[in-house]
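Colleague: These protein sequence lines are chains A and B, in that order.
By the count of the numbering used here, the first sequence reaches residue 317 at its end, each step adding exactly one.
By the count of the numbering used here, the second sequence reaches residue 1439 at its end, each step adding exactly one.
Yeah, the Cβ is synthetic: ideal placement off N, Cα and C, and Gly gets one too.
Remember, predicted model here, so these are calculated numbers, not experimental data.
Supplied in structure tokens, the structure appears directly below.
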Amino acid sequence: MVFENTINSLKEKYGGYRKNVAATGSGKGLKKMTLIAWIIIMPYILWNIVFWLYPNIVSIPIALFETSLISAKAVFVGLDNFLDFFKREEFRMIMYNMIRFGIIYIPLSLVISMMLALMLNSVKNVALKSFLVISYFLPNLTAGVAYSVIFQKIFDPHSFLTKAISTITGTNIGWFSDTNIVLIPMAIMIVWKSSGYYALLLLANISSIPDSYHEAALIDGAGSFTRFWKITLPMINPTFVIVVIFAVTTFFGMFAEPLMLTEGGGPMLASYTFKMEIFHQIYDRMAVGYGAAVSLVAGIMSYVLVLLIKKFVGKEV
Amino acid sequence: MKRKFYLCFIMLIIFALIPASVFAGGQAEGTSETAEKPQESAVEKPLTYWTAGGDFYKAEKIAIDSFNKKNPDSPVIYNPIPAGSSSEMIIQTAIATSTAPTITANLEVFFANFLAENDVLVALDTLPGFNELVKSRSSEGFMDSIRSADGHIYVLPQMWTPALLLYDNVMLKKAGFDKPPVTYSEFNEFASKVIEMGDCIAIDFDPIAAWWKLGYYWHTFYMSAKGNVQELSKDGLDTKSDVSVAFVEFVANAFKKGYASTDRDRYKFNQHSNVGCMACAGSGAPKGVMAMRPDAELTLAPPPVPDFIGTNEGSWVDASVKGLAIIKNSGNVEKAWEYIKWRFSNPEFDLELMNKTSLLPMRSDLMENPVFKDYFETHAYMDVFADFVPRSHSVLCPDKYDIYNAVKKALWEPIAYQKKDVNTALRDAEIAVQAVLAK
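And the structure:
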């Protein structure tokens, strides 16, 4: 209770970020700050317009046609491409896989990235901290094809890991051939790739929390977990929501992993993804219109998911 | 501010839709106008050639360099096909974006036929000297196996690689067999002995393999029993004959009894000595196995056949057939054909291909032609494959890709994972194939 009072008094004293800006920024200074902010984020906005928004809009009319990559013929089919996709087993399996993958990947990546961020935040040596930051970020730059090959070796039936688990469980494990577990190694691979990046995002926010919050809580006798739960987590909410959005939408971008490890989404579509379906339709079947329809469905679904996350998790953002 | 934002957004949508609509509308208008335009602007283009990659490229480089030496004024500019998940994907993307070369290698016959249906390739048999070239290579017997539905030939195969079963001799001997099993019953007897050896399987049959490999299995086992007959045509897949039913029952039984495994990484014939045989071995396979397992003793054989057939002597098998085609509208058709004729007239270049890649060319004189004599004397197992070259062919159906994928989903995977019985799987496969053909 005493601790709650301290937090409330500190909140009153310091206010939120927006309050601080509003209180300290004069009109001109604020405009300058806003301009700089726009300049900083402009490349990202342009990137999204050129490579996300524009292709999605262009694909709308294409999705209404039955057309091939090389054929000059195009037949208007209306919404048939969409309806056909919704009827197919591939769609049902993609939805099912998205849920299964999310159940494994989202909590795992959030917990690990948060732990990494807290650990990095506790490192005081600047050189060591820089080294660790770069090390954790490097997997994010690694090509999917490259790390898929490495993880294929790690999850090989004759690897030390698989043999050890098989010895403990008493059964042979086929990581990439068992329909029930094929998404587990894939989730682990992507956690390895992404958690460092998420950790850095969280770290940037964690470092900006004033030390006085923790010091005051310490004086009140709050333990590490209480301080994390009552101070750190609420204070990093905006960044946390972004990380949650990244984690939830990861499935929409999965491509190299099933392509490399499970012959494009097998066995029995147990690792099939949106991108595999788009690739399969456009490049294998040459059905450009159909592929465009699938990509639009994926785009809209990911957008709706982001809105839902912002509504339910990121109320304060 | 909000109104301005919405206005900008609407403007952006309109600007994006204009080119997209033109794209879709332009495509809908027809083929002739769009097809002829590139021809005019491409007349001055150099002769470009995309070869297959790796060792294939090294072999082809020798031929092209030799040609360029003799034709310094009009050299062939060559590169390996850009990297991608499949050469078919790269080639069709290149055609769609007007960046395709004049000659492209690595085209499967069925895919070439598909491209031909879209009026993208030159019919090679309409070019001067085609028949003479075929005759000079002792290849007349192969022509019907590569002819498109319109009666023309669009691809000239560089390689013609039969598929056989590759047995581990040690396993055969341990199971009490002097030679590979001939019938399904014999194979099952061999298989039951193999699994008694502990952590072993009898056959490396991968149910989640890529479509082409699954096609390879069916085609090879089917022809081994039925001879020179295709199980897949424009009319559909033969799922009803005794041979087809017996084959699917054979595979289902293998997975049920543990003779085959869905754990594809645990049992790899080319890596581990716990597999009795490899179900799909091209002419490069023995070399690959020996590289990983130098002590391996191998035997090649056609697949076993149903008991009611009784023998696989003189049987036919599937062949991986890939070759060269000329892209229309490149403006270099004559020059391209000149190169192809020159390249294919010289058996020395076929020998280079065999030396570098362990792949065989489309010739029925492989064992008689003195140019290849030394090769077969010094390269183990290759004579067996060469013997099968005239008794092998590839499935030509242009819908092969879609059909084999549909069959994989409706039949092979459910059978291997024991989710369906044989009759249900065969019925579902038939429905899936008809659905593909109906499109």
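1. Under 8 Å between C-beta atoms, does Val1389/B make it to chain A?
2. Let's see if you can read the secondary structure: which residues bound the beta strand (DSSP E) around Phe251/A?
3. Taking Glu66/A and Val58/A to be in contact with their CB atoms under 8 Å, please state how far apart those CB atoms are, rounded to whole angstroms.
4. So if I threshold CB-CB distances at 9 Å, which residues from the stretch 253-273 of chain A count as touching chain B?
5. Sorted by chain position, which residues of the same chain lie with C-beta nearer than 8 Å to Val1407/B's C-beta, five sequence neighbours on each side aside?
6. Does any residue of chain B bring its CB to less than 8 Å from the CB of Met286/A?
7. Does DSSP classify Asn1106/B as helix, strand or coil?
8. Just how far apart, CA to CA, sit Arg1363/B and Val1317/B?
9. According to the Cβ coordinates, are Glu263/A and Ala1210/B closer than 8 Å?
10. Using the beta-carbon of each residue, which ones in chain B are nearer than 8 Å to Phe176/A?
11. For Ala1301/B, which beta-bridge partners are listed by DSSP?
12. Counting beta carbon pairs with one atom in the stretch 299-314 of chain A and one in the stretch 239-256 of chain A, are three or more of them shorter than 8 Å?
13. Which value, in whole angstroms, describes the spacing of the CA atoms of Leu120/A and Asn237/A?
14. Looking only at C-alpha atoms, which of Leu30/A, Lys230/A, Ala293/A and Gly144/A sits nearest to Ile85/A?
15. Name the residue from Asn1071/B, Leu1166/B, Leu1232/B and Met1089/B whose alpha carbon lies nearest to the alpha carbon of Lys996/B.
16. Using the rule of at least 16 other Cβ atoms within 10 Å of the residue's Cβ for burial, across every protein chain shown, is Gln1158/B buried or exposed?
17. Using the DSSP secondary-structure output, state which residues sit across from Met1089/B in a beta bridge.
18. Going residue by residue through the stretch 1345-1414 of chain B, where are the continuous alpha helix (DSSP H) segments of at least 4 residues, counting only ones entirely within it?
19. What are the boundary residues of the beta strand (DSSP E) that Lys1322/B is part of?
20. Starting from the C-beta of Asp1199/B, find all residues in its chain whose C-beta is less than 7 Å away, skip the five residues before and the five after it, and write them out in chain order.
21. Spell out the partners DSSP gives Lys1204/B in its beta bridges.
22. Using alpha carbons as the reference points, say which of Asn1405/B, Asn1346/B and Thr1357/B lies closest to Lys1135/B.
23. Measure from the alpha carbon of Met1382/B to the alpha carbon of each residue in Leu1164/B, Phe1110/B, Val1076/B and Thr1048/B, then state which is nearest.
24. With a cut-off of 8 Å on the beta carbons, I'd call Ile231/A and Ile209/A a contact; round off their distance for me.
25. Which residues in the same chain as Leu118/A place their Cβ atom closer than 6 Å to its Cβ, once the five residues preceding and following it in sequence are excluded?
26. Could you tell me if Val1022/B is buried or exposed, where buried requires 16 or more neighbouring beta carbons within 10 angstroms of its beta carbon?
27. Name, please, each residue of chain A whose Cβ falls closer than 8 Å to the Cβ of Glu1413/B.
28. Below 8 Å on the Cβ atoms is my contact criterion, and I expect Phe274/A with Ala247/A to pass it. Report the Cβ-Cβ distance as a whole number of Å.
29. Taking Ile99/A as part of the alpha helix (DSSP H), name the residues at either end of that continuous run.
30. From which residue to which residue does the alpha helix (DSSP H) around Ile209/A run?
31. Among Leu1115/B, Ile1081/B and Gln1230/B, which has the Cα closest to the Cα of Pro1101/B?
32. Can Pro185/A and Phe160/A be called in contact, C-beta distance under 8 Å?
33. For chain B, is any of its Cβ atoms less than 8 Å away from the one on Tyr303/A?
34. One question on the structure: do Ala256/A and Gly144/A come within less than 8 Å of each other, judged by their Cβ atoms?
35. Checking contacts by CB at 8 Å: is Asp156/A closer than that to chain B?
36. With a threshold of 8 Å between beta-carbons, can Val1120/B be considered close to chain A, or not?
Modeller: Quick answer:
1. Within the second sequence, residue 1389/B is the residue found at index 389, counting from 1. Under the Cβ criterion of 8 Å, Val1389/B is not counted among the residues facing chain A.
2. Counting from one through the first sequence, the residue named residue 251/A turns up at place 251. From DSSP, Phe251/A is part of no beta strand (DSSP E) but of the alpha helix (DSSP H) over Asn237 to Gly253.
3. On the first sequence, position 66 is the one that residue 66/A refers to. On the first sequence, position 58 is the one that residue 58/A refers to. So it is not a contact: roughly 17 Å between Cβ atoms.
4. Leu259, Thr262, Glu263, Gly264, Gly266, Pro267, Met268 and Leu269
5. Mapped onto the second sequence, residue 1407/B falls at position 407. Once the five neighbours on either side are set aside, the close Cβ partners of Val1407/B are Leu1214, Trp1218, Leu1237, Ala1429, Ala1432 and Val1433.
6. Within the first sequence, numbered from 1, the residue matching residue 286/A stands at position 286. Taking Cβ atoms only, chain B reaches closer than 8 Å to Met286/A, which makes this a yes.
7. In the second sequence, residue 1106/B corresponds to position 106, counting from 1. For Asn1106/B, the secondary structure class from DSSP, reduced to helix, strand or coil, is strand.
8. The residue labelled residue 1363/B in the question sits at position 363 within the second sequence. The residue labelled residue 1317/B in the question sits at position 317 within the second sequence. So the two alpha carbons sit approximately 16 Å from each other.
9. Taking the first residue of the first sequence as position 1, residue 263/A is located at position 263. Taking the first residue of the second sequence as position 1, residue 1210/B is located at position 210. Contact: yes.
10. For the purposes of this step, residue 176/A is taken as residue 176 along the first sequence, with counting starting at 1. Under the 8 Å cutoff, chain B gives Arg1264 and Asp1265.
11. The sequence position of residue 1301/B within the second sequence is 301, counting from 1. In DSSP, Ala1301/B forms a bridge with Leu1165/B.
12. yes
13. The count along the first sequence starts at 1 and reaches residue 120/A at position 120. The count along the first sequence starts at 1 and reaches residue 237/A at position 237. Straight-line Cα distance between these residues: approximately 18 Å.
14. By 1-based counting over the first sequence, the position of residue 85/A is 85. A small fix is needed here, since residue 85/A is Phe in this sequence, not Ile. Of the listed residues, the one whose Cα sits closest to Phe85/A is Ala293/A.
15. Past the boundaries of the shown model lies residue 996/B; chain B is included only from 1001 to 1439, so the question cannot be answered.
16. The residue you call residue 1158/B lines up with position 158 of the second sequence. Buried, by the Cβ-count rule.
17. Translated into the one-based positions of the second sequence, residue 1089/B becomes position 89. Bridge partners of Met1089/B according to DSSP: none are assigned.
18. Here the runs fully enclosed are 1347-1357, 1373-1378, 1382-1388 and 1400-1407.
19. By 1-based counting over the second sequence, the position of residue 1322/B is 322. Residues Val1317 to Ile1326.
20. Residue numbering aside, residue 1199/B sits at position 199 when the second sequence is read from its first letter. Excluding sequence neighbours, Asp1199/B sits near Asn1274.
21. Taking the first residue of the second sequence as position 1, residue 1204/B is located at position 204. Here residue 1204/B turns out to be Asp, not Lys, going by the sequence shown. BP columns for Asp1204/B point to Met1278/B.
22. To locate residue 1135/B, count along the second sequence from 1; it is residue 135. Comparing Cα-Cα distances from Lys1135/B to each of Asn1405/B, Asn1346/B and Thr1357/B, the minimum goes to Asn1346/B.
23. Working through the second sequence from its first residue, we reach residue 1382/B at position 382. Ranking the options by Cα distance to Met1382/B, first place goes to Leu1164/B.
24. One-based indexing of the first sequence puts residue 231/A at position 231. One-based indexing of the first sequence puts residue 209/A at position 209. Sure, about 7 Å apart at Cβ, within 8 Å.
25. On the first sequence, position 118 is the one that residue 118/A refers to. Non-local beta-carbon contacts of Leu118/A in its own chain, meaning distances under 6 Å to residues more than five positions away in sequence, are absent.
26. Along the second sequence, read from residue 1 onward, the residue named residue 1022/B stands at position 22. At Val1022/B the pLDDT is 48, less than 50, meaning the model places this residue with poor confidence; the figure from the coordinates comes in the next sentence. Val1022/B comes out exposed.
27. Position 413 of the second sequence, counting from 1, holds the residue named residue 1413/B. Within chain A, the residues near Glu1413/B are Gly266, Pro267 and Met268.
28. For the purposes of this step, residue 274/A is taken as residue 274 along the first sequence, with counting starting at 1. For the purposes of this step, residue 247/A is taken as residue 247 along the first sequence, with counting starting at 1. That pair is no contact at about 16 Å.
29. For the purposes of this step, residue 99/A is taken as residue 99 along the first sequence, with counting starting at 1. Per DSSP, Ile99/A belongs to the alpha helix (DSSP H) from Glu89 to Ser122.
30. The sequence position of residue 209/A within the first sequence is 209, counting from 1. Where Ile209/A is concerned, there is no enclosing alpha helix (DSSP H), given that its DSSP letter is neither H nor E.
31. Taking the second sequence and counting its residues from 1, one reaches residue 1101/B at position 101. Comparing alpha-carbon positions, the option among Leu1115/B, Ile1081/B and Gln1230/B lying closest to Pro1101/B turns out to be Ile1081/B.
32. Sequence index remark: in the first sequence, residue 185/A carries index 185 (1-based). Sequence index remark: in the first sequence, residue 160/A carries index 160 (1-based). No, Cβ-Cβ distance for Pro185/A and Phe160/A is not below 8 Å.
33. Residue 303/A sits at position 303 when you count from the first residue of the first sequence. Tyr303/A does not count as touching chain B.
34. Sequence index remark: in the first sequence, residue 256/A carries index 256 (1-based). Sequence index remark: in the first sequence, residue 144/A carries index 144 (1-based). Cβ atoms of Ala256/A and Gly144/A: closer than 8 Å.
35. Residue numbering aside, residue 156/A sits at position 156 when the first sequence is read from its first letter. For Asp156/A, the answer is yes, since a Cβ of chain B falls inside 8 Å of its Cβ.
36. Position 120 of the second sequence, counted from the start, is the residue given in the question as residue 1120/B. Taking Cβ atoms only, chain A reaches closer than 8 Å to Val1120/B, which makes this a yes.
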